[in-house]
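Student: Respectively, the protein sequence lines represent chains A and B. In terms of my numbering, the numbers along the first sequence are unbroken and rise by one, the last being 795. In terms of my numbering, the numbers along the second sequence are unbroken and rise by one, the last being 279. Cβ coordinates follow ideal geometry from the N, Cα and C atoms, glycine included. No experiment lies behind these values; they were computed from the predicted model shown.
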Amino acid sequence: MSSTSVLGGVVRRREDPALIQGRGRYTDDVKLARTAHVAFVRSPYAHATVGAIDTSAATAMEGVVAVYTAADTDHLGPLIAQVPVGALRPLLNNGTVKHVGEAVAMVVAEDPYVAKDAADSVEVDYEPMPAVVDLKQSLSDEVPVHEGASNTLISWVGPFGADEAALAELQAGIEAAKQRDDAVVVSQEMTNQRLIPVPIEPRSVLADYQAGYDRFDIYSSTQIPSALAGAIGKYFGMSMNQVTVKAMEVGGGFGCKLNVYNDEVLVAFASKQLDRPVKWTETRREAANSTIQGRGWVATATVTGTTSGEVLGFELEGIADMGAYSQNFTVAIPFLGLFVGSGQYGFPTYWKMDCVTTHTMTTDAYRGAGRPEAAYYLERIMDMYARRIGMDPAEVRRKNYISSSDFPGAVSPMGFPMDTGDYTTNLDAALEAAGWSDLLAERDAARAEGRHVGVGLATYVEVCGFGPSGLVDLGFSWAEYQMPSAFNGSSLVRVHPDGSATVSIGTGPSGQGHQTTWAQIVGDGLGLEVDRIRVIHGDTEEAPPSIGSFGSRSAAVDGAACYEATGKVRAKAARIAAHMLEASEADIEFADGGAHVAGAPDSSVSWGDIAACAYQPHRLPEGMEGGLEAHAIFSPGNATWPFGTHIAVVEVDPDTGDVDLLRYIGMDDCGNVISPMIVDGQVHGGIAQGIGQAMFEDAVYDADGNLLSGSLVDYILPTAADLPSFELDRTVTPTDVNPLGVKGIGEAGTIGSAQTVVNAVVDALEPLGVTHIDMPLRPRRVWQAIQDARA
Amino acid sequence: MYPRPFEYVLPSGLDDALDALDANPGAKVLAGGMSLLPMMKMRLLSPEMVVDIGRIAGLDQITDNGDSISIGALVTHSEVAASGLVGEHGAALATAASWTGDRQVRNRGTCCGSMVHADVAADQPAAALALGATMVAASSSGTREIAAADFFVDTLMSALEPNEILTEIRIPKVGAGTGSAYDKLGRRGGHTDYAVAGVAVSVTRSNGSVSAATVAVTGVGNRPVLVGEVADALVGSDGSDAAVEAAAAQATCGIEVLEDLYGSVDYKTHLAQVFAARAVKAALASAA
Ligand SMILES: Cc1cc2nc3c(=O)[nH]c(=O)nc-3n(C[C@H](O)[C@H](O)[C@H](O)COP(=O)(O)OP(=O)(O)OC[C@H]3O[C@@H](n4cnc5c(N)ncnc54)[C@H](O)[C@@H]3O)c2cc1C
Chain A
5 MSSTSVLGGV VRRREDPALI QGRGRYTDDV KLARTAHVAF VRSPYAHATV
55 GAIDTSAATA MEGVVAVYTA ADTDHLGPLI AQVPVGALRP LLNNGTVKHV
105 GEAVAMVVAE DPYVAKDAAD SVEVDYEPMP AVVDLKQSLS DEVPVHEGAS
155 NTLISWVGPF GADEAALAEL QAGIEAAKQR DDAVVVSQEM TNQRLIPVPI
205 EPRSVLADYQ AGYDRFDIYS STQIPSALAG AIGKYFGMSM NQVTVKAMEV
255 GGGFGCKLNV YNDEVLVAFA SKQLDRPVKW TETRREAANS TIQGRGWVAT
305 ATVTGTTSGE VLGFELEGIA DMGAYSQNFT VAIPFLGLFV GSGQYGFPTY
355 WKMDCVTTHT MTTDAYRGAG RPEAAYYLER IMDMYARRIG MDPAEVRRKN
405 YISSSDFPGA VSPMGFPMDT GDYTTNLDAA LEAAGWSDLL AERDAARAEG
455 RHVGVGLATY VEVCGFGPSG LVDLGFSWAE YQMPSAFNGS SLVRVHPDGS
505 ATVSIGTGPS GQGHQTTWAQ IVGDGLGLEV DRIRVIHGDT EEAPPSIGSF
555 GSRSAAVDGA ACYEATGKVR AKAARIAAHM LEASEADIEF ADGGAHVAGA
605 PDSSVSWGDI AACAYQPHRL PEGMEGGLEA HAIFSPGNAT WPFGTHIAVV
655 EVDPDTGDVD LLRYIGMDDC GNVISPMIVD GQVHGGIAQG IGQAMFEDAV
705 YDADGNLLSG SLVDYILPTA ADLPSFELDR TVTPTDVNPL GVKGIGEAGT
755 IGSAQTVVNA VVDALEPLGV THIDMPLRPR RVWQAIQDAR A
Chain B
-8 MYPRPFEYVL PSGLDDALDA LDANPGAKVL AGGMSLLPMM KMRLLSPEMV
42 VDIGRIAGLD QITDNGDSIS IGALVTHSEV AASGLVGEHG AALATAASWT
92 GDRQVRNRGT CCGSMVHADV AADQPAAALA LGATMVAASS SGTREIAAAD
142 FFVDTLMSAL EPNEILTEIR IPKVGAGTGS AYDKLGRRGG HTDYAVAGVA
192 VSVTRSNGSV SAATVAVTGV GNRPVLVGEV ADALVGSDGS DAAVEAAAAQ
242 ATCGIEVLED LYGSVDYKTH LAQVFAARAV KAALASAA
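1) If we ignore side chains and look at the alpha-carbon of each, how far apart do Tyr239 of chain A and Asn332 of chain A end up?
2) Ignore the nearest five residues each way along the sequence and tell me which others in Lys259 of chain B's own chain have a CB closer than 6 Å to its CB.
3) Starting from Leu176 of chain B and walking both ways along the beta strand (DSSP E), at which residues does that stretch end?
4) Under a three-way DSSP split, which group does Cys674 of chain A fall into?
5) Against Leu320 of chain A, what residues of chain B qualify as contacts under a CB-to-CB distance less than 9 Å, listed in chain order?
6) Assign Ser6 of chain A to one of three DSSP states: helix, strand, or coil.
7) Comparing the C-beta of Gln181 of chain B with each C-beta of chain A, is any distance below 8 Å?
8) Using a Cβ-Cβ cutoff of less than 8 Å, which residues in the same chain neighbour Thr67 of chain B once the five nearest sequence positions on both sides are dropped?
9) Would you check if there are 3 or more beta carbon pairs closer than 8 Å linking the segment 115 to 130 of chain A to the segment 49 to 67 of chain A?
10) Of all the beta strand (DSSP E) runs that stay within the bounds of the segment 436 to 523 of chain A, which reach a length of 3 or more residues?
11) Please confirm whether Val400 of chain A and Thr308 of chain A have their CB atoms less than 8 Å apart.
12) Out of A:Pro722, A:Asp186, A:Val656, A:Asp613, point me to the one whose CA is closest to Ala764 of chain A's CA.
13) Would DSSP call Pro417 of chain A helix, strand or coil?
14) Does Thr205 of chain B pass the burial test, meaning 16 or more other C-beta atoms within 10 Å, or should it be called exposed?
15) In this structure, does DSSP put Arg785 of chain A in helix, strand or coil?
16) Can the beta-carbon of Ala62 of chain A be found closer than 8 Å to that of Ser125 of chain A?
17) Out of A:Gly612, A:Gly753, A:Ser416, which has the shortest C-alpha to C-alpha gap to Ala166 of chain A?
18) Using only the alpha-carbon positions, how far apart do Ser6 of chain A and Ala595 of chain A sit?
19) Leaving out the 5 sequence neighbours to the left and right, which residues in its chain are closer than 6 Å to Tyr223 of chain A when beta-carbon positions are compared?
20) Around the Cβ of Arg281 of chain B, are there at least 16 other Cβ atoms within 10 angstroms (buried) or fewer (exposed)?
21) Would Ala82 of chain B pass as a contact of Ser277 of chain B if the rule is Cβ separation under 8 Å?
22) Determine which residues of the segment 237 to 257 of chain B have a Cβ less than 7 Å from any Cβ of chain A, and write them out in chain order.
23) Please go through the same chain and pick out, in chain order, the residues whose beta-carbon is closer than 6 Å to the beta-carbon of Ala87 of chain B, but skip the five residues on each side of it.
24) Does the beta-carbon of Gly460 of chain A have 16 or more other beta-carbons within 10 angstroms, so that it is buried, or is it exposed?
25) Which same chain residues, not among the five before or five after Thr8 of chain A, have their C-beta less than 7 Å away from its C-beta?
26) Of all Cβ atoms in chain A, is any one closer than 8 Å to the Cβ of Val281 of chain B?
27) Does Asp778 of chain A come out as helix, strand or coil in the three-state DSSP assignment?
28) Between the segment 173 to 183 of chain B and the segment 651 to 667 of chain A, are three or more C-beta pairs nearer than 8 Å?
29) If contact is defined by three or more beta carbon pairs under 8 Å, each pair taking one atom from either stretch, is the segment 365 to 373 of chain A in contact with the segment 336 to 355 of chain A?
30) Assess, as a yes-or-no matter, whether the segment 273 to 280 of chain A is touched by the segment 561 to 577 of chain A under the definition of 3 or more beta carbon pairs within less than 8 Å.
31) Alpha carbon to alpha carbon, what distance is there between Arg16 of chain A and Lys261 of chain A?
32) I'd like to know if Leu712 of chain A contacts chain B, where contact means its C-beta is closer than 8 Å to some C-beta of that chain.
33) Give me the subset of the segment 200 to 232 of chain A whose CB atoms are less than 8 Å from a CB atom of chain B, sorted by chain position.
34) Looking at C-alpha atoms only, which residue of A:Glu290, A:Thr353, A:Gln297 is the closest neighbour of Phe318 of chain A?
35) Nearest by alpha-carbon distance to Val534 of chain A: which of A:Ser550, A:Ile551, A:Arg557, A:Ser504 is it?
36) Whose C-beta lies closer than 6 Å to the C-beta of Pro134 of chain A among residues of the same chain, with five residues either side of it excluded?
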């Protein structure tokens, strides 16, 4: 970074004026002439055979253009998945439906109202069958989700790469530790409940097949435009360059738009069939039962340690809910948990997660994706252990951390090399920011008055910023979507003849502020005002091949590519400027919208001058090519491993079980920071979602597979009014796997927060004998836990 | 979220609105739309016609009638919460209105709409019951008055006929020695969102004892109801904490408590007792 760096300074998000004035353009805002609209007929049953489908009333309705069933679309094959373990979703189902909300027929009409009326008129003969929703019941294979197949799709066992002998030895070691005289064993079964992602903008797709050119324009609210382009190409036998995907503004994704969905393929199919644009925007009800969900684990965590706080082994064994079908990552999500199964600790860890199917909507990546679950179990049980041995929970963590002196070169007990880490410094900073000892004293004073105040702490390490292109060899290949190069970052920086610049990048942001961040990187590198830089993302026609935004990867991977492409442009511009100023290339500096000779600010040329020269090859130095642009592909040496410490203070009303969240302190470490305001924003939203899981949100299914909390009346989301003002700060431990030194921060807040809140509530209720409460900590559960502890 | 087709009318006078209702038995009145529109979008309700009363003059006032106050059909939750008159004579209603939904809902939704909608977990109906409110209903054949105690019939069902408009809620004024209060646990904790359980209370003190009391409970059964047993136990007592708690223990007498996502029968029964005690204590404090 240059000495006049704009990086790290507080910059306001340049995309916000349009967004907050309602002038942003989202997929549903795109209106093309002759657009037809889709409504789906969806199964009201979780498990049923589909008999006759009578579409005659719908077809006869005025304004209905077409009605399609599986008979029309089966030839396209099922929905493709990146990790195709388990049954794949049929695009439309006329056999046996496997969850409430599964699509059975598609109606296309002149407007969305008629489409819905017509969809309601389609009569389907269903023969309902028993459903399996409970994870333990699924594991028993009593009721198969898919006839003839086991419900267990895969079991992830860690450490990663350990063979059976190594695992047996590890387990024997932990068993032996349990026999020690000073051994303390703490074990707890806990549920990490299902969540519905709920971005503010629902999913939406508009397909425009242009028969005259045999090509598609697809507008979709997606995080992965390139994968969608690849998939559409594959379904319709076209090459990637016949399909353009544009993700306009995307109003939140959180992983639920990190899937290619059957509706996207079906809308494209209808557009091609009908030779007109076709659009579908999901309703909230559909968002709840036909867009992927997250979490859904039941597992038992066990810590074996000494009375003096040394942990000798951690075990996690459980079941993870995959839902009915495998989509993009589905079975890989618990594997992401395994990645961080031992957290920031150095103790031996045994980890086993059975991935089972149920008659519910598919689960897949939801903010954090496996890592919040893993961190939850680890940090809840560490807290219970600290309580059991009567030690300060911060001290127990400190005693068991991987030491900062083990970096570089640290390998986690789960078998993964980690980039950089300094956990003790971060913990101390958090304790200091919270005023830890005062907090504990205040809590004790409140307790003495009969109030139920609790203080909770949790620390985490995350793995993100995927990543090395070698991940492909671990099975994370996007080849199914014609995207073998997926995990690289990619960026193209072009200086136009007038000296303005455009950066095209393969990210697919959904609110993370990429318009600002990439402009900052380019502006800093070129000494060019941010206002002169245009950012294009989410557009497969403009952007070099890349895979989009998820797994907190954009800054660490595509951002690094953007940095490198900028460096290449600057190097060429320096040569041109030196030529123009008759100076030595080594003396050229960039600032204030141009280049000047070091120490001689008057000897300068503007970017406009440099660009004018670049586009007139005869004026260039001998042998130099014309033009002023550069492309860079970046593949980091490793993912990044951010970490942090969170602290919450709560007060519980024991008469009602109502929890009041009084303070929330976050001390995160994501390495270098490009834009502090954007990082804070990411942490804010992440914490809000973690608190949402801890206190409010719950995808509740009944035994028949009906989603009882499928509307926002009953699926309670946290709002700003429900949350305290967060107190955030950072420690800075740069990564060495990218030139910016940045780690991902998109999911950290979520990964660190749910267990922090639960730890605080359990702390508040410790005097009443409560040791654990399953999330969400709605008043009824908290009250019930108090009653159970008293009984 | 696409409703079925419906006709929309925007009458400028009450008579036109009532005529429209008479002529179209399948019509529904639209006030703030905070409940009607979501139900239509979810296709739980599909009226053939919507009669928007939003432009009818004179319905947007809180008026002082001398011995009572009237809240017109278009008065919003925010206006009820901020009204000095309501605060003085019906603090329970002002509090219930201030805890109804979020700011956007309070700025559009109407107090009268909340009554007619008759949600099992609505806040303001409990206050209307405790305050002894009278509902004034207009139809093309005239007006009639319905006591709040007779108004809430069942889940999402009030005593209003389909061709009637609730033009005002009338609340008797109170003198010194009378106070009212509302307390609840909301679905998202604290006082936010529909009531998991809520209790509204009005009490009068004279000569050191409780001379009159009404207690209404919402959220726990199929409708907001008066619970005479709590009131009876309070009247004649000294209003001490012990007396209040003994009375509050009867908070769900006569109510069939129903389980939902927010509470078991035991929990809701317990909450009704907790909030009965809290609301009675607050009302007594304000009546002092
Ligand atoms: C996000 C949200 C949160 C909410 N939270 C709460 C809460 O915490 N507590 C709570 O109690 N309520 C809550 N509500 C409900 C809200 O208070 C009601 O929607 C509102 O009070 C109804 O009033 P309205 O004017 O919007 O009625 P509308 O939606 O217009 O009508 C509702 C019903 O009443 C009828 N109606 C309305 N006015 C009249 C009239 N004058 N005469 C005859 N019929 C009439 C309509 O025909 C319809 O059947 C919430 C609603 C939302 C959307």
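Tutor: On the basis of the supplied data:
1) As a working mapping, residue 239 of chain A is identified with position 235 in the first sequence. As a working mapping, residue 332 of chain A is identified with position 328 in the first sequence. Going from the Cα of Tyr239 of chain A to the Cα of Asn332 of chain A covers about 16 Å.
2) Position 268 of the second sequence, counting from 1, holds the residue named residue 259 of chain B. These residues qualify, in order along the chain: Ala188, Val211, Val248.
3) For the purposes of this step, residue 176 of chain B is taken as residue 185 along the second sequence, with counting starting at 1. Looking at the DSSP string, the run of the beta strand (DSSP E) that includes Leu176 of chain B is 169 to 177.
4) Numbered from its first residue, the first sequence carries residue 674 of chain A at position 670. Correct three-state label for Cys674 of chain A: coil.
5) The count along the first sequence starts at 1 and reaches residue 320 of chain A at position 316. The CB of Leu320 of chain A never comes closer than 9 Å to any CB in chain B; the least such distance is about 29 Å.
6) In the first sequence, residue 6 of chain A corresponds to position 2, counting from 1. In this predicted model, Ser6 of chain A has a pLDDT of only 39, less than 50, meaning its place in the structure is not dependable; the value taken from the coordinates is given anyway. The answer is coil: DSSP assigns Ser6 of chain A none of H, G, I, E or B.
7) Within the second sequence, residue 181 of chain B is the residue found at index 190, counting from 1. Reading off the sequence shown, one finds Gly at residue 181 of chain B, where the question assumed Gln. With 8 Å as the cut-off, Gly181 of chain B counts as an interface residue toward chain A.
8) Stepping through the second sequence from its first residue, residue 67 of chain B is reached at position 76. Correct list, in chain order: Gly23, Arg97, Asn98, Arg99, Gly100, Thr101, Cys102.
9) yes
10) 456 to 465, 493 to 499, 505 to 509
11) Within the first sequence, numbered from 1, the residue matching residue 400 of chain A stands at position 396. Within the first sequence, numbered from 1, the residue matching residue 308 of chain A stands at position 304. No, these two residues do not count as a Cβ contact at 8 Å.
12) Taking the first sequence and counting its residues from 1, one reaches residue 764 of chain A at position 760. Taking Ala764 of chain A as reference, the option from A:Pro722, A:Asp186, A:Val656, A:Asp613 with the minimal CA-CA separation is A:Val656.
13) On the first sequence, residue 417 of chain A is found 413 positions in, with the first residue counted as 1. Note: Pro417 of chain A maps to coil in three-state DSSP.
14) Sequence index remark: in the second sequence, residue 205 of chain B carries index 214 (1-based). When all chains shown are included, Thr205 of chain B counts as buried.
15) Looking up residue 785 of chain A in the first sequence gives position 781. Under the three-state reduction of DSSP output, Arg785 of chain A falls in the helix class.
16) Residue mapping note: residue 62 of chain A aligns to position 58 of the first sequence, counting from 1. Residue mapping note: residue 125 of chain A aligns to position 121 of the first sequence, counting from 1. For Ala62 of chain A and Ser125 of chain A, yes; Cβs fall inside 8 Å.
17) Along the first sequence, read from residue 1 onward, the residue named residue 166 of chain A stands at position 162. Nearest option by C-alpha distance: A:Ser416.
18) Your numbering for residue 6 of chain A matches position 2 in the first sequence. Your numbering for residue 595 of chain A matches position 591 in the first sequence. Bear in mind that the predicted position of Ser6 of chain A carries a pLDDT of just 39, short of 50, making it unreliable; the figure below should be weighed with that in mind. Going from the Cα of Ser6 of chain A to the Cα of Ala595 of chain A covers about 10 Å.
19) Counting from one through the first sequence, the residue named residue 223 of chain A turns up at place 219. In its chain, beyond the 5 residues on either side, Thr31, Val34, Leu210, Lys250 have a beta carbon closer than 6 Å to the beta carbon of Tyr223 of chain A.
20) The shown model of chain B, from -8 to 279, leaves out residue 281 of chain B, and the question about it has no answer.
21) On the second sequence, position 91 is the one that residue 82 of chain B refers to. On the second sequence, position 286 is the one that residue 277 of chain B refers to. Contact: yes.
22) The residues in question are Leu252, Tyr253, Gly254, Ser255.
23) Here residue 87 of chain B corresponds to residue number 96 of the second sequence, with the count starting at 1. Closer than 6 Å at Cβ, skipping near neighbours: Asp114, Gln115, Ala118, Tyr173.
24) By 1-based counting over the first sequence, the position of residue 460 of chain A is 456. Buried, because 16 or more other Cβ atoms sit within 10 Å of the Cβ of Gly460 of chain A.
25) Sequence index remark: in the first sequence, residue 8 of chain A carries index 4 (1-based). For Thr8 of chain A, the predicted model reports a pLDDT of 45, less than 50, meaning its position is unreliable and no value from the coordinates is stated.
26) Because chain B here runs from -8 to 279, residue 281 of chain B falls outside it and cannot be looked at.
27) For this step, residue 778 of chain A is matched to residue 774 along the first sequence. In this structure, Asp778 of chain A counts as coil in the three-state DSSP scheme.
28) Contact annotation: the segment 173 to 183 of chain B touches the segment 651 to 667 of chain A, with at least three C-beta pairs closer than 8 Å.
29) yes
30) no
31) Working through the first sequence from its first residue, we reach residue 261 of chain A at position 257. Working through the first sequence from its first residue, we reach residue 16 of chain A at position 12. Lys261 of chain A and Arg16 of chain A: Cα-Cα distance of roughly 26 Å.
32) Along the first sequence, one-based indexing puts residue 712 of chain A at 708. Closer than 8 Å to some Cβ of chain B, the Cβ of Leu712 of chain A qualifies, so yes.
33) none
34) Here residue 318 of chain A refers to the residue found at position 314 when the first sequence is read from its first residue. Put simply, of A:Glu290, A:Thr353, A:Gln297 the residue whose alpha carbon is nearest the alpha carbon of Phe318 of chain A is A:Thr353.
35) As a first step, residue 534 of chain A must be located in the first sequence, where it is residue number 530. Selected option, being the one with the closest Cα: A:Ser504.
36) Within the first sequence, numbered from 1, the residue matching residue 134 of chain A stands at position 130. Result list for Pro134 of chain A: Val147, in chain order.
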